[in-house]
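Same order as they appear, the protein sequences are chains A and B.
Each residue of the first sequence is one higher than the one before, starting from 721 at the first, in the numbering used here.
Each residue of the second sequence is one higher than the one before, starting from 2 at the first, in the numbering used here.
We put the CB at the ideal spot given by N, CA and C, even for glycine.
Here's the structure we're looking at; comments come further down.
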Amino acid sequence: MKDVREALMVGRNTEGKLVRRPISPFMLGSAYQFQMSSATSILHRITGVGLGLGTLLFTAWLVAAAAGDSAFSLVQALLASWVGLFVLFCFTLSLFYHFCNGIRHLAWDAGKGFELPAMHRSGALVIAAAIILTVAFWVIASFIG
Amino acid sequence: MSSKDPAPSIHIRRSPLGRARGLGAAKTGSHHWWVQRLSAVALLPLVLYFIVSVLMLKGAGHAAMAAYMAEPWNTVLFIALIAALFSHLDQGMQVVLEDYIRTDSTRLTVLMLVKAAIALLALASLISVLKLAFS
Chain A
721 MKDVREALMV GRNTEGKLVR RPISPFMLGS AYQFQMSSAT SILHRITGVG
771 LGLGTLLFTA WLVAAAAGDS AFSLVQALLA SWVGLFVLFC FTLSLFYHFC
821 NGIRHLAWDA GKGFELPAMH RSGALVIAAA IILTVAFWVI ASFIG
Chain B
2 MSSKDPAPSI HIRRSPLGRA RGLGAAKTGS HHWWVQRLSA VALLPLVLYF
52 IVSVLMLKGA GHAAMAAYMA EPWNTVLFIA LIAALFSHLD QGMQVVLEDY
102 IRTDSTRLTV LMLVKAAIAL LALASLISVL KLAFS
């Protein structure tokens, strides 16, 4: 093997022979039950990458505004179409989830909320908050303009 | 890695001592972690500001958008948002790609392409805000 990370998983047994150390199965899949910890973790990554794709829209919006009236009108119309609104809905849901779960991660970085009951509670709270904030955003948006 | 392989052998350019220590390059290992937290904390207020901006600019025409971006505070906050957002995206995408792409050559190539794309998006966003602010 040539991969350093794989090589780190090889050790010698008491007889001095090279053996593969046992490793845990991947966190998602048939080996484990559904867990708040792994589900919220992988959702943080998925929404993070999704928001990364969403920055294409953010940049398109700004570049169109800088380009002029006709380009900006086109982008605003595309964003207000059904497809545009669906993409924006997914974007806001991802944004609010990543925002709330990011605060959860920062709390962990500060050493708070590691106990299992606290972690389960904060995970449920993050999911609920993301949904509530997304609904609130679209309710407010529907009353504007 | 298949566990059926009966006799593992190692062919890497790394001494057994270095492998046992498992420290990697060391010394600067926490820098990436720290700047990702820094951009995350910066994004907390900036994202809230962005959400308010988006609501205020819903259905806005070009004139209203240009006038909004030309307000000094909006120019400054949008530039700060762009800086924090794209550095956070760069750091986050790097971690994800480093975790999931095992082959060195593929990982480095994809990393460079993604980082280049993010840098270009950041520059395009920044220049657009500046153009709206100064025209």
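Terminal residues of the beta strand (DSSP E) in which residue i lies
i        : result
A/Gly731 : 730-732
Paired residues, beta bridge with residue i - DSSP
i        : result
A/Arg740 : A/Val730
C-beta contact flag for residue i and residue j at 8 Å
i        : j        : result
A/Phe778 : B/Ser54  : no
A/Thr775 : B/Leu90  : yes
B/Ala41  : A/Leu773 : no
B/Phe87  : B/Ile119 : yes
B/Ala43  : B/Ala85  : yes
A/Thr760 : A/Gly843 : yes
A/Arg740 : B/Pro9   : yes
B/Ala123 : B/Ile83  : yes
B/Ala134 : B/Met70  : yes
A/Met839 : A/Ser758 : no
A/Val807 : B/Ile11  : no
A/Cys820 : A/Val846 : yes
B/Val97  : A/Arg824 : no
A/Ala727 : B/Ile13  : yes
B/Gln95  : B/Val36  : no
A/Asp789 : B/Arg38  : no
A/Ala719 : B/Lys59  : Residue 719 of chain A is absent from the model: chain A starts at 721 and stops at 865.
A/Pro745 : A/Ala751 : yes
Bounding residues of the alpha helix (DSSP H) (the contiguous stretch that carries residue i)
i        : result
B/Lys132 : 105-135
A/Gln796 : 789-800
A/Phe857 : 836-863
B/Ala21  : 17-22
Neighbour list for residue i in chain E, Cβ cutoff strictly below 8 Å
i        : result
B/Lys132 : The structure shown contains no chain E; the protein chains it does contain are A and B.
Legend entry - Length-filtered (4 minimum) alpha helix (DSSP H) runs lying within the region 32-76 of chain B: List check, alpha helix (DSSP H) in window: 63-71.
Inset, instruction - Inspect the CB distances between the region 734-749 of chain A and the region 788-803 of chain A and report whether three or more fall short of 8 Å. - result: No: fewer than three Cβ pairs fall under 8 Å.
Inset, instruction - Specify whether the region 127-134 of chain B and the region 66-79 of chain B touch according to this definition: at least 3 beta carbon pairs, one from each stretch, less than 8 Å apart. - result: Yes, since at least three Cβ pairs between the region 127-134 of chain B and the region 66-79 of chain B fall closer than 8 Å, the two stretches touch.
Inset, instruction - Count the CB pairs spanning the region 57-73 of chain B and the region 28-35 of chain B that are closer than 8 Å, and state whether there are at least three. - result: Touching, no, given that fewer than three Cβ pairs across the two stretches are closer than 8 Å.
Inset, instruction - May I ask you to verify whether the region 847-857 of chain A touches the region 813-820 of chain A, counting CB pairs closer than 8 Å and requiring at least 3? - result: Pairwise C-beta distances place the region 847-857 of chain A in contact with the region 813-820 of chain A, as three or more of them are shorter than 8 Å.
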